Amino acid sequence: MKRNSSFLLFWLLCTAVAVGQNTKYVNLFMGTSGDNGQVAPGAAVPFGMVCVCPDNDPRSHAGYDYAVTKVSGISVNRLSGVGCSGGGGNLQVRPVAPSEELHIRKSREKAVPGYYATVFTNGVKAEMTATQAMAVERYKFPIGMPAGLWIDFASTFEDVATCEYKRISDTCIEGYVQAKNVCGHGRYKLYFSLNTDQPFQLQENKATTACLTFGKRVKRVEVRIGLSALSAELAGWECSRWEGLTFDELRGQANRAWEKQLAMIDLKGGKKDDRTIFYTSLYRTYLSPADVSSPDGAYLGTDGKVYVTEDFRYYSNWSLWDTFRTKFPLLVLTEPKKMRDMATSLIHLYATGKKDWSTGFESTPTVRTEHAVILLLDAYRKGITDLDFRKGYAGMKEEMERLPMRSPDQKMESAYDLWAMAQISEILDEKGDSERYSQRSIALFEETWKKEFMQVTPAFGVMKNNGLYQGTRWQYRWAAPQYIDKMIEWVGKDSLLSQLTYFFDNHLYNQGNEPDIHVPYLFNRFGAPAKTQQLVRSLLTESMVHKYGGNSEFTTPYVGKAFKNDPMGYSPEMDEDDGTMSAWYVFGAMGFYPLLVGDAYYELTSPLFDSITLHLLNGNTLAILVQGRKKRSDFIKNAHFNGALLDDYRISHTDLLQGGELVFSYR
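Using this note's numbering, the first residue of the sequence shown is number 20, and each one after it goes up by one.
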């Protein structure tokens, strides 16, 4: 199927919107150096399958490493900030023979939302942009250098299972690659259609690699690589869909998509670095999951079968162990329509076969899907009620019977899942199930917390003690915010407040990993909101002492900021984790946070900016305003929403959706 240029011009005019210039604050190089975020500056569009940019040698989890100039090639996809060896890295292109080294000229490197460009040391200029399912790469060769591209059809950040390709014409190659997913769990299969704007000769035609040459007179070559989870034909359709637009027009289209996305939140006040970190963080929350549906609504189920839906778009690419805590609660607020489709996709995942990690039939690189029931409950409690829980209910129940129980942290997290499942059962009027899951959750939490976490010992500060995953007993002690009332009942509010204060005063908190990132907001529930404000402000803007990395204590604690406008943008070993840490920053900077995911309330803290305006998709506008603040360290005296006093430092999601003014007063 093809669209002519007049149709595309009409489409562009119809979809053009008046938006701001918030993309100018996005620094795509923040967090791209070393083990300080594990993100990449690739060209992408919101919720797309493509993120195209160079892979460095040696590479980071995301392929690109700002501190490394040597390049192995340019690949079309990657995940943002995930662990193990990352995911993606497929269909790598090199504008130089593999026997020759290729290096980036850092002075000629540029990256903005929807566009990446650099000049290599061999003189080749490379530019990249993207659509939802197509990578667009433009190469300009210097005088005297024959135009040639070396393609590795089997490139990947994990192992490749199978790979095939065939020449369709003198400008097109089609095929597929099937690769292992993140940490070696499961597989995904991508069909591709690689198209060039110049005829090529296929040389060095090997099983998984090929060389494309274009003749001595060709000095510029454009490559468009369409992707599909279903067929090479659909991958080719993605290319033909945009054939009426030039590279520069596609680049402009991608940038406008980001401008529209980031225009949902406007800021006033704050330092330039604060604004840069904020909009860079907001940008990264919109990189995934990916819409992997075909134009007619077809998608690949995790049972290997193809399904067709008319009432939603199917999304894939998950890292829910991390992202259920912050990223998806932010999308519930800023993107409720897409969030409805994402939640529906997870329900269908339960229906077609769900594992804790990747299955054998994924549509795109993905990681893990634990705690999906908590995410689904959160969406429902916050107004996204058009969800057919019944369709995935059998799969949810099956998951509740295989929840991991090997270690204390798994038991704490399983108690959270069971708590959420009890409420989903109640929504479905499955009263017997609801009571059973509720009792299991409470009993599991009480047994685990009293045995493992109630009586503080010197061993509480040891990473991985008693089999804990990437955390300490201190950090997992607070991992069940749904049962704060029971902690208070057993220990007492004053004692818990004293222990929580000790936890932070002795640098036992770890901003670099997820188990305890909600904990600064617990002071609100213990009657000390000023402490929440002081801690969140410090974590957003000041140097802190960080004793812990991802898996162990540092030999020497890291003293510095957790978030910086710098290639080393995060504290050491702090993966950005697919938008999790970015969304944490966005919430904290706006002055509210979802302490208990699955509950329709937010904890309030001091905003980083003087004025924050959210343009909600229901047509309402929420203004968050600061009055009487002389310096950042000032504490809130009172907060009002539309004139009504908020005396418990909480606000409901329903109130936020009404719009109006949330005013923090400091005098």
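Beta carbons are placed, not taken as given, at the ideal position from N, Cα and C, and that holds for glycine. Quick caveat: nothing in here was measured; it's all calculated off a predicted structure.
In the three-state DSSP reduction, E329 falls in the coil class, being neither helix nor strand. Going by C-alpha positions, A229 is about 15 angstroms away from F211.
Excluding its 5 nearest sequence neighbours in each direction, V242 has C-beta neighbours in its own chain below 6 angstroms: E156, T215, listed in chain order. Look at A441 here: in three-state DSSP terms it is helix. Taking V240 as reference, the option from A413, K199, F160, Y589 with the minimal CA-CA separation is F160. Nearest to V45 by C-alpha distance, out of G289, E177, R186, R294, is R294. With respect to the 8 angstroms criterion, K185 and Y195 are not classified as neighbours on the basis of their beta carbons. Restricting attention to alpha helix (DSSP H) runs no shorter than 4 residues, the segment 205–271 encloses them at 251–260, ordered along the chain. An exposed status is given to R421, since fewer than 16 other beta-carbon atoms sit within 10 Å of its beta-carbon.
Counting only runs that start and end inside the segment 503–545, the alpha helix (DSSP H) elements of at least 4 residues fall at 503–510, 512–524, 541–544. Excluding sequence positions up to five before and after H659, its CB lies within less than 7 angstroms of the CB of L665, V682, all in the same chain and listed in chain order.
Contact holds between the segment 64–81 and the segment 90–99, because three or more Cβ pairs, one in each stretch, are under 8 angstroms apart.
The beta carbon of L349 lies closer than 7 angstroms to those of T304, A602, V605, F606 in the same chain, with the five residues before and after it left out. In this chain, the beta strand (DSSP E) harbouring A136 covers 134–138.
With fewer than 16 neighbouring CB atoms inside 10 Å of its own CB, R409 falls in the exposed class.
In this structure the segment 526–536 does not lie against the segment 646–656, because fewer than three pairs of beta carbons, one per stretch, are closer than 8 angstroms. Listed in chain order, the beta strand (DSSP E) runs fully inside the segment 137–175 are 144–149, 153–159, 167–171, counting runs of at least 3 residues. Using a 10 angstroms sphere on the CB of M147, the tally of other CB atoms reaches 16 or more, which defines it as buried. With a contact defined as Cβ atoms closer than 8 angstroms, E595 and V58 qualify at about 5 angstroms.
Closest in alpha carbon position to I192, among F582, D360, Q222, S307, is Q222. In chain order, H526, P576, V578 place their CB closer than 6 angstroms to the CB of V564, counting only its own chain and leaving out the 5 sequence neighbours on each side. Within a 10 Å sphere around the beta-carbon of Q111 sit 16 or more other beta-carbons, which makes this residue buried.
Residue nearest to L554 within the set K580, T574, K373, V131 is K580 (criterion: CA-CA distance).
Counting only residues of its own chain and dropping the five nearest sequence neighbours on each side, P626 has a CB closer than 8 angstroms to the CB of A608, M609, G610, I643, V645, F683. Spanning the alpha carbons of G56 and R236 requires a straight line of approximately 43 angstroms. Residue state for V645 is assigned as strand, using DSSP reduced to three classes.
DSSP, reduced to helix, strand and coil, places K89 within a strand of the structure shown. The DSSP-derived three-state label of G679 is strand. For M563, the enclosing beta strand (DSSP E) covers residues 563–567. When C-alpha distances from V101 are compared across G511, S460, A462, N336, the shortest belongs to N336.
Judged by DSSP in its simplified three-state form, A273 adopts helix. In the structure shown, Q40 falls within a coil segment according to DSSP collapsed to helix, strand and coil. Exclusion of the five residues before and after P591 leaves D54, N55, G568, Y577 as the residues of its chain whose Cβ lies within less than 7 angstroms of its Cβ.
Around the beta carbon of D341, a 10 Å sphere encloses 16 or more other beta carbons of the protein chains shown; the residue is thus reported as buried.
Annotation for L487: S426, P427, D428, Y495 place their beta carbon closer than 7 angstroms to its own, counting only its chain and skipping 5 residues before and after.
Residue state for C72 is assigned as strand, using DSSP reduced to three classes.
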